[in-house]
């Protein structure tokens, strides 16, 4: 759930990059004579987009109104149609309003009608790629993005679109290569924000935090700075640091009062710190401002953990019936834990068949299989999520519970403990269950498992006192055996009693034969 929050922020940055690519390179009001007037809201949005920065939502709305009015009188302006489509997509993503997506598609298709793709209308194609990503259609997003990259590899806004698509398809090496290409073409907050996400996905927490701090410093607008601060809050939350997360989300909300991701982040941090009334207040504000499916599920689970079952069920029903562009994972987790696990399996198998093989889909499919009773099959998906994805307390908890169901006590104990070490408050419902499961497993046994136990050693049979020859060293036995004279045998057995001290010494010293040969001048073999 928390990982979905981060990915939504990333997607908004990608759509903003597309808007930057399609922004007009001029502002008509500034072409007249005399000193220019201060830019208005639409102009500010255009300037921010052209710089690759995130515009304020009010400015973005003004830009949409301005382009709509312009196109009524200039319906053959394909560039403005592409810009309008990109702006619709960004607004829909940042507000969680899927009603903007059909408008975006209509505008982008109209742009292609005025200037087809074969004639080089890359802006409209790039906009369609971003729109497909906003809808969770990663295959189409990849196809559009790769067409644009092939036509113009130096068009930097295509790389955020491709990174989203590759990550959604589970093609992580391709996503990393797209990141390297982006860094080679562009600097600034958008790029550092993307780098932070890439580092986080690879488990490089310190690097992710440093890159997010860079993004804050490089942000050119209040909206962009707020988004970067929210990312810093998400990283602190991932580390299980609710106090630090609270500070970072608060800074973002100081810049943008109703910033949806920061309201949701602050709500979960407040709940972790036991400030429940404030957490409930912030969840209500977050859902009013940005009603994403992962937020609806998380708020419902907080209500359920508080015993407010009616409020929880109302949110669960809202999730089941709402129009969601990218709600498959949240709906599967809802069904797995609060409804019909078999339906969750069906839903996630369909996602997997579409090629949507991200670690989030692998985790949700594995958990749905486990909850439906197929824990052995579930384990393979859980391993994929934990081994290929970020260091996620939720993924690790799911794997631990699956292993516990399979009576793999050692791995189960290790992963449940790790989930709580990553973030002791990762879920208001599941974190307490992780503690309960650990209590059931108990402390590990001091006894080694059978496969590590040494082979038993048969006890030696004590020997009865025997002849002196049985108690001799092998060298003495050989010396004694070489003599047919009983007295010599007796001497060999007891060289200290020999009448010939030199002979006794020769029998005792391992170097004696060689020394004798050397003294006689004959080879030792003689």
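Residue numbers (this note's numbering): 1007 to 1532.
Glycine included, C-beta positions come from ideal geometry on N, C-alpha and C.
Owing to the predicted nature of the structure, the values given are computational and were not obtained by experimental measurement.
CB contact flag (residue i, residue j, <8 Å)
i            : j            : result
residue 1350 : residue 1338 : yes
residue 1217 : residue 1198 : yes
residue 1432 : residue 1391 : no
residue 1090 : residue 1077 : yes
residue 1435 : residue 1310 : yes
residue 1426 : residue 1440 : yes
residue 1062 : residue 1229 : yes
residue 1049 : residue 1084 : no
residue 1182 : residue 1204 : yes
residue 1312 : residue 1266 : no
residue 1045 : residue 1053 : yes
residue 1465 : residue 1419 : no
residue 1248 : residue 1279 : yes
Cβ separation of residue i and residue j, assumed to be a contact under 8 Å, to the nearest whole Å
i            : j            : result
residue 1232 : residue 1258 : 4 Å
residue 1092 : residue 1133 : 5 Å
residue 1162 : residue 1200 : Not confirmed; about 11 Å, so no contact.
residue 1273 : residue 1288 : 4 Å
residue 1202 : residue 1237 : 6 Å
residue 1342 : residue 1373 : 5 Å
residue 1444 : residue 1415 : Actually they are not in contact, since the Cβ atoms of residue 1444 and residue 1415 sit about 11 Å apart, beyond 8 Å.
residue 1167 : residue 1139 : 6 Å
residue 1145 : residue 1397 : Not confirmed; about 28 Å, so no contact.
residue 1363 : residue 1389 : Going by Cβ atoms, the distance from residue 1363 to residue 1389 rounds to 14 Å, so no, they are not a contact pair.
Test: residue i CB closer than 8 Å to a CB of chain E
i            : result
residue 1461 : The structure shown contains no chain E; it holds only a single protein chain.
Burial state of residue i, where buried means 16 or more other Cβ atoms lie within 10 Å
i            : result
residue 1409 : buried
residue 1064 : exposed
residue 1365 : buried
residue 1306 : buried
residue 1098 : buried
residue 1315 : exposed
residue 1156 : exposed
residue 1159 : exposed
residue 1227 : buried
residue 1463 : exposed
residue 1080 : exposed
residue 1223 : exposed
residue 1300 : buried
residue 1378 : buried
residue 1294 : exposed
residue 1327 : exposed
residue 1460 : exposed
residue 1264 : exposed
residue 1347 : buried
residue 1206 : buried
residue 1058 : buried
residue 1082 : exposed
Cβ-based neighbour list, residue i, same chain, cut-off 6 Å, excluding 5 preceding and 5 following
i            : result
residue 1250 : 1242
residue 1332 : 1142
residue 1424 : 1402
residue 1317 : 1309
residue 1221 : 1195, 1198, 1199, 1234
residue 1116 : 1087
residue 1180 : 1172
residue 1104 : 1329, 1331
residue 1255 : 1239, 1268, 1271, 1272
residue 1384 : 1372, 1375, 1376, 1408
residue 1394 : 1365
Sequence-distant residues of its chain with Cβ nearer than 7 Å to residue i (five each side left out)
i            : result
residue 1038 : In this predicted model, residue 1038 has a pLDDT of only 49, less than 50, meaning its place in the structure is not dependable enough to derive any value.
residue 1131 : 1123, 1150, 1153, 1154
residue 1417 : 1409
residue 1430 : 1246, 1437
residue 1047 : 1064, 1065, 1068
residue 1277 : 1285, 1308, 1434
residue 1118 : 1127, 1130
residue 1324 : 1302
residue 1072 : 1048
residue 1382 : 1412
residue 1428 : 1246, 1397, 1399, 1402
residue 1321 : 1302, 1305, 1306, 1309
8 Å CB neighbourhood of residue i in its chain, flanking five on each side removed
i            : result
residue 1367 : 1176, 1334, 1335, 1354, 1357, 1358
residue 1209 : 1396, 1397
residue 1107 : 1094, 1095, 1098, 1137, 1140, 1141, 1331
Distance cut-off 7 Å: residue i Cβ against heavy atoms of the ligand FMN
i            : result
residue 1223 : Questions concerning the ligand FMN fall outside what the structure shown contains, since it holds no ligand whatsoever.
>> Quick check for students: name the residue ranges of the alpha helix (DSSP H) that lie wholly in the segment 1404 to 1470, counting only runs of 4 or more.
In response: 1415 to 1428, 1436 to 1447
> What are the complete alpha helix (DSSP H) segments, minimum 4 residues, inside the segment 1291 to 1365?
Replying inline: 1299 to 1311, 1315 to 1327, 1334 to 1344, 1347 to 1359
> Taking only runs of the alpha helix (DSSP H) that begin and end inside the segment 1123 to 1151, which ones reach a length of at least 4 residues, in chain order?
Replying inline: 1128 to 1140
>> Quick check for students: name the residue ranges of the alpha helix (DSSP H) that lie wholly in the segment 1080 to 1110, counting only runs of 4 or more.
In response: Listed in chain order, they are 1084 to 1101.
> Fully enclosed by the segment 1229 to 1279, which alpha helix (DSSP H) runs are 4 residues long or longer?
Replying inline: 1248 to 1261, 1266 to 1278
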